[in-house]
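Remarks on the structure that follows.
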Amino acid sequence: MNINTIVSLAVNGISMGMIYALMAMGLILLIRAIGVMNFAQGDLLMFGAFITCWLTVDLKLPLWAMIPLSIVCFVVVGIIFMFTAYWPLRNASYPAATVISTMGAAMALKEIATLIWGSLPRSMPPLMKNPATGKVAVLKIGSITIQWQFILTIIVGSVFIYLVFVLFDKLYAGRMMQAAAQDKYAAELLGIPTILTTMATYVIVVALASTGGYMIAPIFMVSNTLGTLQLRAFAGVVIGGFGNIKGAILGSLLIGVVEAFSTIQFSQYKDAVVFLVLIVFLLVRPQGLFGEKIADKA
Amino acid sequence: MKTRRLIAFTMAIAMTALAGCSTTAPTQTQAPASASSEAAPQASTGNASAGFDGSVTFGVVAPITGTNKMVGEYVVNGAKLALKDINAAGGINGKELKLVFEDEVDNQQASVNAMVKIMNYSDVVSFFGSTYSANCIAASPNVLEKKIPMFAGGSSANIPKKGNPYVWQDRMTDDQSGVLLAKAATENLKIKNPAILYSTESFGTGLRDQTINALKALGIVVPEKNQYGFVNDEKNFAPMISQIQNSDVDGLIAIGNQMPAAVICQQIDAAGLTIPMIGSSSWASAVCRQNAGASADGWYAVADWTVEVSTDEGKTFAKEYKDTYNADSDMPAVAVYDSIMLFKKACEIAKTTADKEAINNALKEIKDYKGAMSTYTYSENHCFSTSQFLTVNKDGLATMVGTVKTR
Amino acid sequence: MNPILRLDKVCKRFGGVIAADDVTFSVMPGEIHGLIGPNGAGKSTLMNLISGIYIPDSGSIFLDEKDISNVPSHMRARMGIGRTFQTPRFLQRSSIRDNLLLGTDLANQMGYLKSYFGKKGSNFEEELDRLMKYLDFTFDWEEDINGLAYGQRKQLEIVRSMLTHPKIMLVDEPAAGLNNKEIDDVMALLNFAAKQFGIGVLLIEHSMDMIMNICEDIVVICFGKVIAMGGPSKISCDEAVIEAYLGRDLDASNS
Amino acid sequence: MKKMKSYIKPSSFLIFIALAIFVALVPAVNQGYSMMILNLGLIYSIATYGLSVMLGLGGQLSFAAVSFMGLGAYFTANLCSGRLGFWVDTSLTLVLVLIISTVVAFLIGMILFRLSGTYFTFGTIGLVQVTWSFYLSYKPLFGGPDGISNVATLRIFGWSPVDYNQWFYVLVVIVLIVAILVERIRRSQLGRSLSAIRDNEIAAQTLGINVYMTKVIAFTIAGVLAALAGSLYAMHSQFVSSDMFTFERATSYIIMAMLGGVNNTFGVFVGSVLVTMLPEWLRGMQRYLQLIYGVGVILLMVFMPMGLAGLAGNFGKSIKRKLRSAAVKNAPAEKEDAK
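Chains as they are written, first to last, in the working numbering: chain Y, 1 to 298; chain U, 1001 to 1407; chain P, 2001 to 2255; chain L, 3001 to 3339.
Right, dumping it as structure tokens:
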């Protein structure tokens, strides 16, 4: 267990943690804004991966054209997803109904991706190419080699985390969205167009998840089974604590690192280790890292 | 409020008809679901049945839809090629060969359903089972109950071991290909202290155990820390690869299905691992080479099949497959082709195309039969194949280096 | 005889907001005790403190002279604290019969197993008939609870609370949303509960004529502090109470 | 005052007849292969009943049914396949499974219910992943990826079902018993307490309901029923592998419960059989099957959150209301003097 392994495992763990964090933030936004637990989060990531793969590989767009176009696609997907899986159910009497409709949306997304792009996994050229060898760009520090793709993921992840914080703490739009999230009825009385804020929330959530998809597309194969990554984002959200984004991000990073280091001893039990950590965490601090006991009002 | 309820009601009717299918996608034949006792719907009719007195039906189970669709295409094409060749040469004992297909999709429940369905067709005399070992094991009790000879598509050594006289394998079983893998790694690639990266599903664990035993016989002990298991749909191999990269191993033996193989090639290439690497037959498969692209180059593999085969029967099959489907053939296609040929040989020995028991016993008499994939001889563990090819991937092609024999 | 419910210097703060500040009063069995005060005075918080939903920061609460400050709320309910809410809380998708049976379940306090094996508890129907005579509406058992009018549901919640045979009933603004006829019915029902069954009733209410007619004793809360206690006549002319409700007339006070 | 209805409502009488016809007709219609699928539908309905107690009554969305099915299946597989060196009689194993799963479900329930609402559901997802990972990889107990095969079939008092038709009768009897048990729960104090918790936990507390313990009891009931289903599955298919206990399988149980109408005992049965049999009937639309399934679930939640039974219920109620208003119209005099 020399230093090389520890560093490369840590870097891989943190970069995967960033992917889970992007999804976890989306989950928290939806839980707080709309009270919905989104079971299609992983499939939104998969859809994002397919869209970016389609734009770069099939249409061969250069980077500066691909990014704006993919953002447009994310917006469209977000709005369609909202008006199919959530809007008709927004005042459903039965809370479980909205959750289960996201499960239906998850299956539908998988199949739509298969129908459009075929069921065979597709590979995507690496984002950061070493100009000389044409292979994947690698950062060498002493004897430690780290792929630039992981570092890029970490950078992009932190940029998005910062953007979400700025949106919700500094910008008026963010405060409007939070108001609509706290109490839709009161927000409407104050003239906040809740339909717009909900759409904005969904678009942000889809953009976050799809960026995650874009980051891992070159590392993994783009296939319709990418959705299973969402289970680790769930774990991150729970460890993070009730509905707060800081906790969800730290929880996801913790899950990513635990997952990477668990491959050392029992690699085939990797899933079990990640979720045992989750359940042990629940025993010790049911309200999570940052959550505090919230007593409901009578 | 009234109209809302009306819409709800009409939705209910449509819903019950359409929605709510269970996630285990069903088996699917081209014909509607027939009650099992009648004859199998004729899925593919060969040329006119003139000149034949009656017919014999052979069943084929393949993953026609779902994530393993590409493998399914090879099985269907290989079977239809066998159908064309056999009927062109006068059928079996003068009877026209007919095929019926069942779709095993991509999970165990559907696969067992498909095999149970095909066994129950009254006129199916024998059939080619699932290409995945766990499914063949699951269906073997039904095969024993129905007393119908099954050619298993999987290669796990646990399939025939269940003492079921009706289960046969034309592909090399893991225990023997484990020996070949160990022999090729030590003699051809000169690996002294290998790391083993294996998939934890039944095929992977079976082949890993056999390879480790074979290596022990050759005096090489693989410590637990150099063994890395991964779940079949694993995507993130980077942590394991970086551990291999920083450990003292001088070679890598990789075992897994086609999909993980492609991802492993890509991620190892990205990590810049340069130690000699040999994989199980998936690493020579067209699926892996197409998806991994250039990153699959340099990988050796002990494979059941490669298009650049140098044996005569192999060359003729590869050429005929290319001419008919203008695409390269792959292991699943040649495996089903050879199984049907072995079935034809057994029928000729037993001089019957109806008596399952006689055909099953006739399979015991097959000796040195030159098939496309290998030369086949009966052995107690019901595995016919006697050799595999050693290949190396060079600029997208799995070129053949030699054959590795067991007996 | 000792009081059925006694609060002793109960304090509760939510961050900066003082919800209860040294509240001390007691309710005698069979007595209807009024609890009044301007909006936001902390009346509902007191209710939650008594029924165990909040735990007091300091001080203690006694039921039948037993300290229940730290007893969980479902145990308090079983010890005899009945509760109704400002907005009635019923089972949305169940029939009226199930909603009322919840009350009898608490009364019988059979474990789940005994009730599962069909031992019918106290006779549910005539007890209900006796109570329903005080209210002038009938209903079909299997009808969905939402079929009833708001006022009817409020009265039904009081009936359910009485079905649980409580020692003390916390009634939260029963008159809100009721017409005069219904208010008279409720007052008759509460009197019946207090006088026949000796149930202590702690009544939060804004309509003064109901309070003044039915309550034998009243405690007035303002910003969490008890500012007055006593009979209806004493309270209605108490200086501090009028000021709390109507505020002081500036120029009149400095004369 | 409306007289209390007698216990056997006319509608349950109708259901009884429909069930009798179903039992008599079905074996005659299909054998072998599609009978096997129908039997699986019946087995899944047992686990779905457990889920309907949790989700329908208690409002707690839980995915844990799959891990307890695995517990029951692997426990039976180990005891009844002689792989541990000894054989245990299958009916005795069934009893053992019920006891073991009660203890395990109670303990896990105590742990998981330290959380509430959304986070409880995430907790059950964690449980499913942990159990699946062990079912797949831990060879000594769970036979690793090959699973465990040739499990002995059910033997009660010397008789054991020979083919799928006889299995069908055994399963119908078991499902009937489970359905009656769940219907009894719905009408008992436990059922009412669970509904109170579903609608408002605070109000439930003030009605003397120990919310934590009641939830744990409901979780235990769901766990025991799922383990029973798992055990029957092992004996019926004589083969158990981890492929059956994944997270995707867990979602299909929830959809089975919701389709039929999670609060209606007969609806749950209909939902389970429908979800299992539909892929067989929709043979032609193989490529679009999952898409129809996904979109179907969304439509189901939008238009019929209470499932088919809910719809039928509303339909029935609206008819009753029309009848009553018609009765009032033609007998106004009688209404007056009743006051």
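The beta-carbon is built from N, C-alpha and C at its ideal position, and this holds for glycine as well.
Segment contact: the region 245-262 of chain Y against the region 3148-3163 of chain L, fewer than three CB-CB distances shorter than 8 Å; contact not assigned.
Of the residues assessed, Phe1203 of chain U falls on the buried side of the cut-off, its CB having 16 or more other CB atoms within 10 angstroms.
Using a Cβ-Cβ cut-off of 9 Å, Ile3255 of chain L is close to Ile100, Met103 and Gly104 of chain Y, given in chain order.
Residue U:Arg1171 holds the alpha-carbon nearest to the alpha-carbon of Ala1372 of chain U among U:Ser1055, U:Pro1276, U:Val1076 and U:Arg1171.
DSSP links Arg232 of chain Y through a beta bridge to no other residue. The beta carbon of Ile3046 of chain L sits no closer than 7 Å to any beta carbon of chain Y. Taking CB atoms only, Phe3239 of chain L has a neighbour in chain U less than 7 Å away. Glu3183 of chain L places its beta carbon 7 Å or farther from that of Thr3048 of chain L.
Scanning L:Thr3118, L:Gln3060 and L:Phe3245 for the CA closest to the CA of Phe3134 of chain L turns up L:Phe3245. Taking a 10 Å sphere around the C-beta of Ala3105 of chain L, we find 16 or more other C-beta atoms and assign the residue as buried. Annotation: Cβ neighbours of Asp3146 of chain L in chain U (cutoff 7 Å, chain order): Ala1134, Ile1137, Asn1158 and Ser1202.
The C-beta distance from Gly17 of chain Y to Ser252 of chain Y rounds to 5 Å, short enough to meet the 8 Å contact threshold.
With contacts defined by Cβ atoms closer than 7 Å, Ile192 of chain Y and Ala180 of chain Y form a contacting pair.
Ranking U:Lys1370, U:Ser1374, U:Tyr1378 and U:Asp1269 by CA distance to the CA of Ala1362 of chain U puts U:Tyr1378 first.
Looking at the DSSP output, Thr1211 of chain U bridges to nothing. The alpha carbon of Leu3057 of chain L has as its nearest neighbour, out of P:Glu2065, P:Gln2092 and P:Ser2207, the alpha carbon of P:Gln2092. Straight across, the Cα-Cα distance linking Ala1082 of chain U with Tyr1337 of chain U is about 5 Å. The beta carbon of Leu278 of chain Y falls within 7 Å of a beta carbon belonging to chain L, placing the residue at that interface. Taking a cut-off of 8 Å for Cβ pairs, the region 1146-1159 of chain U and the region 1264-1274 of chain U do not touch, as fewer than three such pairs fall below it. Leu1390 of chain U sits in a strand when the DSSP states are folded into three classes. If you check the CB distance, Ser1281 of chain U and Gln1258 of chain U do not come in under 7 Å. DSSP lists P:Leu2202 and P:Asp2217 as the bridge partner or partners of His2033 of chain P.
In this structure Trp1168 of chain U is buried. Its beta-carbon is surrounded by 16 or more other beta-carbon atoms within 10 angstroms. Neighbours of Met1259 of chain U in chain Y, taken as residues at a C-beta separation under 7 Å, are given in chain order as Pro121. Residues are counted here when their Cβ sits less than 9 Å from a Cβ of chain Y; for the region 3127-3138 of chain L these are Leu3127, Val3128, Gln3129, Val3130, Thr3131, Trp3132, Ser3133, Phe3134, Leu3136, Ser3137 and Tyr3138, given in chain order. Ile2081 of chain P and Val2071 of chain P have their alpha carbons spaced roughly 12 Å apart.
In terms of beta-carbon proximity, Met1240 of chain U lines the interface with chain Y, with at least one pair separated by less than 7 Å.
DSSP, reduced to helix, strand and coil, places Phe3134 of chain L within a helical segment of the structure shown. Looking at the DSSP output, Asp1103 of chain U shares a beta bridge with U:Ala1062. Sorting P:Ile2214, P:Val2226, P:Phe2223 and P:Lys2225 by C-alpha distance to the C-alpha of Ser2233 of chain P places P:Ile2214 at the top. Residue state for Ala1335 of chain U is assigned as helix, using DSSP reduced to three classes.
Sequence-ordered contacts of the region 249-279 of chain Y with chain L read Gln268, Tyr269, Asp271, Ala272, Phe275, Leu276, Leu278 and Ile279 [C-beta pairs closer than 7 Å]. For Ala3196 of chain L, the residues of chain P that pass the 7 Å Cβ criterion are Leu2091 and Leu2102, in the order they occur in the chain. Within a 10 Å sphere around the beta-carbon of Phe160 of chain Y sit 16 or more other beta-carbons, which makes this residue buried. With contacts defined as CB atoms closer than 7 Å, Val3224 of chain L and Thr3076 of chain L fail to qualify as a contacting pair. Nearest to Ile3037 of chain L by C-alpha distance, out of L:Met3306, L:Leu3299, L:Gly3072 and L:Val3275, is L:Val3275.
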